[in-house]
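Remarks on the structure that follows.
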Amino acid sequence: SQSLSLNAPLRPTPVQRAVSPQMADISAFGDIWGIEAKEAIFNAWDPEKPKDYDNFNPFERNLDGAMSDMNGCFPGESRGYKPPNRPDASWAIMQEEAKKMDEIKKDPKYGLSGKPGCYSLKWQENLGAPP
52 SQSLSLNAPL
62 RPTPVQRAVS
72 PQMADISAFG
82 DIWGIEAKEA
92 IFNAWDPEKP
102 KDYDNFNPFE
112 RNLDGAMSDM
122 NGCFPGESRG
132 YKPPNRPDAS
142 WAIMQEEAKK
152 MDEIKKDPKY
162 GLSGKPGCYS
172 LKWQENLGAP
182 P
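Using this note's numbering, count along the sequence shown one by one with no gaps and you end on 182.
Structure, rendered in structure tokens:
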């Protein structure tokens, strides 16, 4: 029979650490939650993957008609909503954004619902706290 050596080094058991949730990175836009940042997040959004703090449709609205922050969280509804840094606004800027939105709305992903990456009241159920 084999016996354990009392002089054998103890090996620590590896510990699996929980992965921290990650939010969408909008630093390339000066951390301003404007149309350009939203368009980049929208283009990267995969509606077939579950919605999380990094994979969401920034143009989607919740049941109250509110838009999300840069984590996909909604005011008064989602854990961790953070009022975003908003861009300057003027009549001219708003007219240009309306033209961009007309183009974005042509994307087949724009009006999707019922997919794993789309809004649901329970979207945060299996996620940790927002970043």
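Ideal Cβ placement from N, Cα and C applies to all residues, glycine included.
Identify, in the order they occur along the chain, each residue of the same chain with its Cβ nearer than 8 Å to the Cβ of residue i, setting aside the five sequence neighbours on each side.
| i | result |
| --- | --- |
| Gly162 | Lys156 |
| Arg186 | Residue coverage of the chain in this structure runs from 52 to 182, which leaves residue 186 outside it and unanswerable. |
| Asp158 | Phe93 |
| Glu99 | Lys166, Pro167, Gly168 |
Where residue i and residue j are concerned, what is the direct C-alpha to C-alpha distance, given to the nearest angstrom?
| i | j | result |
| --- | --- | --- |
| Pro101 | Gln146 | 33 Å |
| Gly165 | Pro134 | 27 Å |
| Ile86 | Pro181 | 22 Å |
| Tyr104 | Lys160 | 18 Å |
| Gly168 | Lys151 | 23 Å |
| Glu111 | Trp142 | 23 Å |
| Lys89 | Asp97 | 14 Å |
Taking DSSP as the reference, what is the three-state secondary structure of residue i?
| i | result |
| --- | --- |
| Gly168 | coil |
| Met145 | helix |
| Met118 | strand |
On the criterion of 16 or more Cβ atoms from any shown chain inside 10 Å, does residue i qualify as buried, or is it exposed?
| i | result |
| --- | --- |
| Ala140 | exposed |
| Ile144 | exposed |
| Asn94 | exposed |
What does a CB cutoff of less than 7 Å around residue i pick up in its chain, not counting 5 residues either side in sequence?
| i | result |
| --- | --- |
| Ala117 | Phe125, Pro126 |
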